[in-house]
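Chains as they are written, first to last, in our numbering: chain A, 2 to 526; chain B, 131 to 387.
Heads up, the beta-carbon is just placed ideally off N, CA and C, and yes, glycines get one too.
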Amino acid sequence: MKSLWILIGMGLLAQDANWTTYHGNYSSTHHSSLTQITPANAKNLELKWTFQAQSLEKFEVTPLVVDGVMYITEAPNTIVALDAATGREFWIYEHKNPDVTYPCCGKINRGLALHNNTLYMGTLDGKLVAVDAITGQLRWEKVVVDYKQGFALTHAPLIIKDKVLIGTAGGELGIRGFLAAYDARTGKELWKFKTIPEPGEPGNETWAGDSWKHGGGPIWLTGSYDPALNLTYWGIGNAGPDWNAKVRPGDNLYTSSVIALDADTGKLKWHFQFTPHDEWDWDAVQTPVLVDREWRGKPRKMMLWANRNGFFYLIDRVTGEFLQGTPFVKLDWASGLDDKGRPMRVPGKVPSPQGTVIFPGVQGGTNWFAPSYSPKTDLFYLNVWDDYSSIFFAWDQEYELGKWYAGGGIKAEVQSTRRDRLARRDPKSGYGAVRALNPSTGAKVWEYKTTDVSDGGIVTTASNLLFTGNREGNVFALDATNGKLLWTLYLGGQVVASPVTYLVNGKQRVTIAVGHTLYTFGLRD
Amino acid sequence: MFFRFLVLLLPAATLAAQHSDTALKNPFQSPDDRARGGAFFRSQCASCHGVDGKGGASGPSLASGSFRHASNDEGLFRVITKGVAGTSMPGFSMNGREIWQIVGFIRGLSAGRAGAAKGNAAAGEQLFAANKCTNCHWLNGGGAPRGLDLSAIGTRLSAVELAQALVDPSAEVAPEYWMWTATVKNGQKLRGSRLNEDTFSLQILDSTGKLRSVLKADLQEQTLERRSAMPSFKDKLTAQQVDDVVAYLATLQGAAK
């Protein structure tokens, strides 16, 4: 108890002592005020403990840490509570999925939400489960959607007030996506926003005929929330079918868009579509990073968004007004953005039966893995895939329930996810980099180049450290002011998750999933 | 109904097959089945594995006849229904007949690899020996490890592909055989093929046949050429001799069973 008061006195029990939400905070900055680990001592980081997952699926979880207890999910839908100080397990909750489920890209789960000692998890079979955080016992289970129609729940839910928000994956299986809110105590559905408007609703005119019925618009990454505006922001995924867009003429709202919803009612306040009539599978499933900063001499509530389509956007998050957009990687499908932010498309840069080479490739200039914004440096950090292309193919395809509905395919030297253990593609086919952008201009301030690309997220700290990892199996710390490598360790498996940092027993720790193992680092005690 | 029953039976059959040579055989192998399998493949598999089955951004090539996660038709059936953990390969909820039809189509991508060879295999074997191919290549327990293991090359490449490999070996060469050269900071020259690479290091099979790992920080410079170290036999062999060597290579079907 005495140590608790000392910690409070030191201000160490501020919110950043814990990592309580998927993105670390409602603004989704992936920035921590912790400063024990610094650019000067990062070279002394050492392994504290590991957790070995039993699952051989991709380990995409971002852990939650609350008062010394860490909560993780292990693919596909197992929750584990463990001691953040030692890695020892307290309890395990296993959700049993049926043999056949419908995730597009692996039987994965990205994490949990926590509220009033209850953990919330979406499942591959379309359920939202509420589990007691102390006992690991199921409190309730709610069917969100009939998974047999091609749906899967893969992202961490978001808690707003007493609601649990969760969306649905399935953009390659002809779904019609939605975001729904449930009563955190009972599981009762409170509102639902469908990402594809039906006839009679604004936006349905952006779909030809019945194409809206299987128009995609999945949600597979947690959104953000501005309590002052009571708006919640979510990135919407690709239109379906992915590559044969001729069956859905029009802009195809609200695919490849960000939506701002009233958190109480689920009503749409505004939307901004990054990629109208998306023909490339460039989901706008990135993290909405909420930042208050100056824009042309005036304070502005902004949203920073590095999109899979290769442009970095500044958006007014009160109104949805497009402020600025600049390319952050090599791209050739658009010559730029007009003054409303609409891409000026280059003719012919679309999928075709014979295949069309397009930059960036199908995984985009970046993707779902978390970027970070540091108020200390006023820089935006992200993992980019640069100077790489894919060959995009399109072909006719009829919709069939529960079947793949992509209308085309992709060839690329850069694999969409790490598949081969040995990395030996042509280095000229593209590279990865951690890049720091000036939010005002979109200009690159520095970059740390890597041979292979990264599916890893980033966390920055108030001591100007940046932690991340990549597909090569390297985890590293950079100086956030200049990109200098301060510490690295080869861990031998791909990083497909974001790191977190927190305090346990007053000591700062960094945890990240690599391969099938969760690693926790800290300074020598 | 029969097909559903077949699917239900499969796990038990799989277990049994692990202890015998009685792996399930594909019961749907007619030309019509294969055509239907091709249609399913195009709609359900080609996005990741390519229309030609030779691989894409998300899925590996299925056209070589050799599969990482399956050793027979039954294994392919299992992979398609269950998926592959840790990869993007999902399990598919198609009925048993459809899956067998896809299996048949995939098998067809590599079927008859060696059958079209028109040369004289015995003459080809002599040419193979005379040209000292095993100075670089491994063959049935002997030779050198620098080049491709040819012990089962007849199951992996068609006659056309084998001929191309002889006359234009750099036309299509796997990355692990690209020519890598480097100069270490102390002036030492290194040459070999690049087996693996990350930001900090390279894993090399050098020209002396030695495995070595080098730190990029220790190198002055390095080059990677997208071509094979194998010489072209275009001007060394006549067209007939190329056919003969191809016919011999086509007989190389791996270890006897």
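With DSSP run on the structure shown, which of helix, strand or coil describes residue i?
i: A:Ala371; result: coil
i: B:Gly384; result: coil
i: A:Gln509; result: strand
i: B:His179; result: helix
i: B:Ser331; result: strand
i: A:Glu190; result: strand
i: A:Glu142; result: strand
i: A:His31; result: coil
i: B:Ser240; result: helix
i: A:Glu322; result: coil
i: B:Pro299; result: coil
i: B:Arg357; result: strand
i: A:Gly433; result: strand
i: A:Asp17; result: helix
i: A:Ile109; result: coil
i: A:Ile459; result: coil
i: A:Leu230; result: coil
i: A:Asp480; result: strand
i: B:Ala293; result: helix
i: A:Lys214; result: helix
i: B:Val376; result: helix
i: B:Ser160; result: coil
i: B:Arg172; result: helix
i: B:Trp230; result: helix
Report buried or exposed for residue i, applying the criterion of at least 16 other Cβ atoms within 10 angstroms of its Cβ.
i: B:His149; result: Residue placement at B:His149 is poorly supported in this model, since its pLDDT is 46, which falls under 50; the coordinates still yield a value, given next. By the neighbour-count rule (16 or more Cβ atoms within 10 Å), B:His149 is not buried but exposed.
i: B:Val214; result: buried
i: A:Gln509; result: buried
i: A:Glu61; result: buried
i: A:Arg436; result: buried
i: A:Leu120; result: buried
i: A:Leu147; result: What sits at residue 147 of chain A in the sequence shown is Asp, not Leu. Classification for A:Asp147: exposed.
i: B:Gln174; result: buried
i: A:Glu202; result: exposed
i: A:Ser29; result: buried
i: A:Met345; result: exposed
i: B:Lys155; result: exposed
i: B:Val375; result: buried
i: A:Ile93; result: exposed
i: B:Leu140; result: Because the pLDDT of B:Leu140 is 43, which lies under 50, any placement of that residue in the model is unreliable, and the number read from its coordinates should be weighed accordingly. It is buried - the Cβ of B:Leu140 has at least 16 other Cβ atoms within 10 Å.
i: A:Ala444; result: exposed
Going by C-alpha distance, which of the options is nearest residue i?
i: B:Cys263; options: B:Asn316, B:Ser160, B:Gly226 and B:Gly277; result: B:Gly277
i: A:Met303; options: A:Gly311, A:Arg309 and A:Leu324; result: A:Leu324
i: B:Glu355; options: B:Ser323, B:Ala380 and B:Ile236; result: B:Ser323
i: A:Leu402; options: A:Gly474, A:Leu174 and A:Asn471; result: A:Leu174
i: A:Asp68; options: A:Thr502, A:Ser373, A:Ala434 and A:Lys429; result: A:Thr502
i: A:Thr357; options: A:Ala131, A:His32 and A:Asn245; result: A:Asn245
i: A:Lys270; options: A:Gly321, A:Trp296 and A:Pro277; result: A:Gly321
i: A:Thr367; options: A:Phe394, A:Glu473, A:Leu315 and A:Ala434; result: A:Ala434
i: A:Ala264; options: A:Ile167, A:Gly342 and A:Gly484; result: A:Ile167
i: A:Leu115; options: A:Gly107, A:Asn45, A:Gly127 and A:Asp133; result: A:Asp133
i: B:Arg227; options: B:Arg237, B:Phe170, B:Gly221 and B:Gln371; result: B:Phe170
Please confirm whether residue i and residue j have their CB atoms less than 8 Å apart.
i: A:Val418; j: A:Asp388; result: Looking at the sequence itself, residue 418 of chain A is Thr, so the reference to Val does not match. Cβ atoms of A:Thr418 and A:Asp388: not closer than 8 Å.
i: A:Pro99; j: A:Ser464; result: no
i: A:His215; j: A:Tyr382; result: no
i: A:Thr585; j: A:Thr378; result: Summary: the structure shown does not reach residue 585 of chain A, with chain A confined to residues 2 through 526, and so no result is reported for it.
i: A:Tyr520; j: A:Thr51; result: yes
i: A:Trp306; j: A:Val259; result: yes
i: A:Glu58; j: A:Ile109; result: yes
i: B:Ala247; j: B:Ala377; result: yes
i: A:Gly474; j: A:Ser499; result: no
i: A:Phe528; j: A:Asp333; result: Outside the shown range of chain A (2 to 526) lies residue 528 of chain A, about which nothing can therefore be said.
i: B:Pro305; j: A:Arg426; result: yes
Using beta carbons (cut-off 8 Å, strictly below), is residue i in contact with chain E?
i: A:Arg426; result: You won't find chain E in this structure, because its protein chains are A and B.
Is any non-hydrogen atom of the ligand GTP found closer than 7 Å to the C-beta of residue i, if you look at the structure I gave you?
i: B:Val375; result: The ligand GTP is not among the ligands present in this structure, which contains no ligands whatsoever.
Does the stretch 166-177 of chain B come within contact of the stretch 84-97 of chain A, defined as at least 3 CB pairs closer than 8 Å? no
Count Cβ pairs between the stretch 166-186 of chain A and the stretch 233-250 of chain A that sit closer than 8 Å; are there 3 or more? yes
Any contact of the stretch 246-262 of chain B with the stretch 193-200 of chain B, i.e. 3+ C-beta pairs under 8 Å? no
Stretch pair the stretch 285-300 of chain B + the stretch 330-340 of chain B: three plus CB contacts closer than 8 Å: At 8 Å Cβ cutoff, the stretches do not touch.
At least 3 beta-carbon pairs within less than 8 Å: the stretch 340-348 of chain B vs the stretch 198-214 of chain B: no
Stretch pair the stretch 224-242 of chain B + the stretch 351-371 of chain B: three plus CB contacts closer than 8 Å: no
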